[in-house]
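Numbering (this note's numbering), first residue to last: 269 to 498.
The beta-carbon is built from N, C-alpha and C at its ideal position, and this holds for glycine as well.
Predicted model only: the values in this text are computed from it and were never measured.
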């Protein structure tokens, strides 16, 4: 919808219709056509014009701050697992740190057995997530009941900066079944969510035994405007 096209007739209505001065000549004043009446009446017309103009500016300003995403952003569905790439074309790997790591039997994810110091990371092209309207990272996971791990986010001071800093969040509450987990970006204290470069799944709880498998899949950035996606 063209907001300008809708609002301008209302502003014009304020200028020419609401102020009933009768049939009188019009004069040009600062590019606004005004009735040839008293200063007080002219001031009233200018006030009405300013109110209409202010409303128009407010509408456009509000539009400029709206989120730009309209749906979740897929980070990895593991379709390129054999190439150690994710859906964004950037590296995703455990660097050989897992006891075992394969595609999950159901597809769309990975099945792995972690050691205590194992990890799996997803790199991203530097993402201005907050500015683009993303407010969480989500993924599916099957983990032993009562297990936990730590999710790391790596961010930079800006996308032009060379160094990154880490923030961690403990994920727990697993039931033993496949669950969809959504971790708000706001829980990563000190992280700059306008320069995200990686997520890392690591620091596994005591369930890092050779016989216990975990599953991870469908990793996404969650768009705050995409209701019902997660």
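Original post:
Which partner residues does residue 390 have in the DSSP bridge list?
Top reply: 360 and 467
**OP:** Run the CB neighbour count on residue 344, radius 10 Å, all protein chains shown included, and call it buried at 16 or more, exposed below.
**Re:** buried
Original post:
Should residue 385 be listed as close to the ligand ATP, given that the test is whether its C-beta is under 7 Å from any heavy atom?
Top reply: Absence of the ligand ATP from the depicted structure is noted, as is the absence of any ligand whatsoever, leaving it without description.
**OP:** Compute the Euclidean distance between the alpha carbons of residue 425 and residue 490, then round it to the nearest angstrom.
**Re:** 22 Å
**OP:** Compare the C-alpha of residue 484 against each of 368, 454 and 380 and name the closest.
**Re:** 380
Original post:
Nearest to residue 340 by CA position, among 414, 407, 389 and 411, is which residue?
Top reply: 407
Original post:
Since residue 453 and residue 403 are thought to touch, with beta carbons under 8 Å apart, how far apart are those beta carbons, to the nearest angstrom?
Top reply: Between residue 453 and residue 403 the beta-carbon gap is near 6 Å, inside 8 Å, which marks them as a contact.
**OP:** Please determine if the segment 446 to 462 and the segment 363 to 371 are in contact, where contact requires at least 3 C-beta pairs separated by less than 8 Å.
**Re:** The segment 446 to 462 makes no contact with the segment 363 to 371: fewer than 3 CB pairs, one atom from each, lie closer than 8 Å.
Subject >> For residue 367 and residue 390, believed in contact at Cβ under 8 Å, the rounded distance >> reply: That belief does not hold up - the Cβ atoms of residue 390 and residue 367 are roughly 20 Å apart, past 8 Å.
Subject >> residue 463 versus residue 399: straight-line alpha-carbon distance, rounded >> reply: 10 Å
**OP:** Report the rounded CA-to-CA distance for residue 318 versus residue 397, giving the unit in angstroms.
**Re:** Here residue 318 scores only 48 on pLDDT, less than 50, and its place in the model should not be relied on; the value that follows carries that caveat. Those two C-alpha atoms are separated by around 37 Å.
Original post:
Are the beta-carbon atoms of residue 442 and residue 401 separated by less than 8 Å?
Top reply: no
**OP:** Note down, in chain order, each residue of its chain lying with its Cβ closer than 8 Å to the Cβ of residue 435, except the 5 sequence neighbours on either side.
**Re:** Scanning its chain for C-beta atoms nearer than 8 Å, with the 5 sequence neighbours on each side dropped, one finds around residue 435 the residues 420, 421, 423, 456, 457, 458 and 459, in chain order.
Original post:
With distances taken between CB atoms, is the gap from residue 470 to residue 409 smaller than 8 Å?
Top reply: Not a contact, by the Cβ cut-off of 8 Å.
Subject >> Cβ-based neighbour list, residue 445, same chain, cut-off 7 Å, excluding 5 preceding and 5 following >> reply: Shown here for residue 445: same chain residues with a beta carbon closer than 7 Å to its own, the five before and five after excluded, namely 410 in chain order.
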